[in-house]
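Participant: Sending over a structure as structure tokens; questions will come in a sec.
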């Protein structure tokens, strides 16, 4: 299966709320396209929604290393840290995401 088709199938799984299946597909896509931030972000979201919070955090930190201005990744990192009971650590990320988007927390 071509990488593009794998990504489309992973997106279908994600939209169908089959988050763990989406994550498995996206991990394969990422090996073929490691610099693709869209793939990385959907993978992080898949991890988050399938309660693989450590993996979501690691992926979001990789995204922010590559693209510090990625506001949605910043917001997701804050939410992921909150969900792990790390509210104090989450707060700066959530504040920065709010400033970047002009939205309230």
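Residue numbers (the working numbering): 1 to 105.
C-beta: ideal position from N, C-alpha, C; glycine also.
Model, not experiment: these values are computed from the prediction.
For residue 46, count the other beta carbons within 10 Å of its own beta carbon; 16 or more makes it buried, fewer makes it exposed. Which is it?
Facilitator: buried
Participant: Of all the CB atoms in chain B, is at least one closer than 8 angstroms to the CB of residue 60?
Facilitator: Given the protein chain composition of this structure (a single chain), no chain B is represented.
Participant: Using beta-carbon positions only, say whether residue 69 and residue 56 come within less than 8 angstroms of one another.
Facilitator: Contact: no.
Participant: Taking 8 angstroms as the limit between beta carbons, can you name the residues of its chain near residue 77, skipping five residues before and five after?
Facilitator: 57, 60, 61, 64, 90, 93
Participant: Grouping DSSP H, G and I as helix and E and B as strand, with all else coil, what is residue 11?
Facilitator: Helix, per DSSP.
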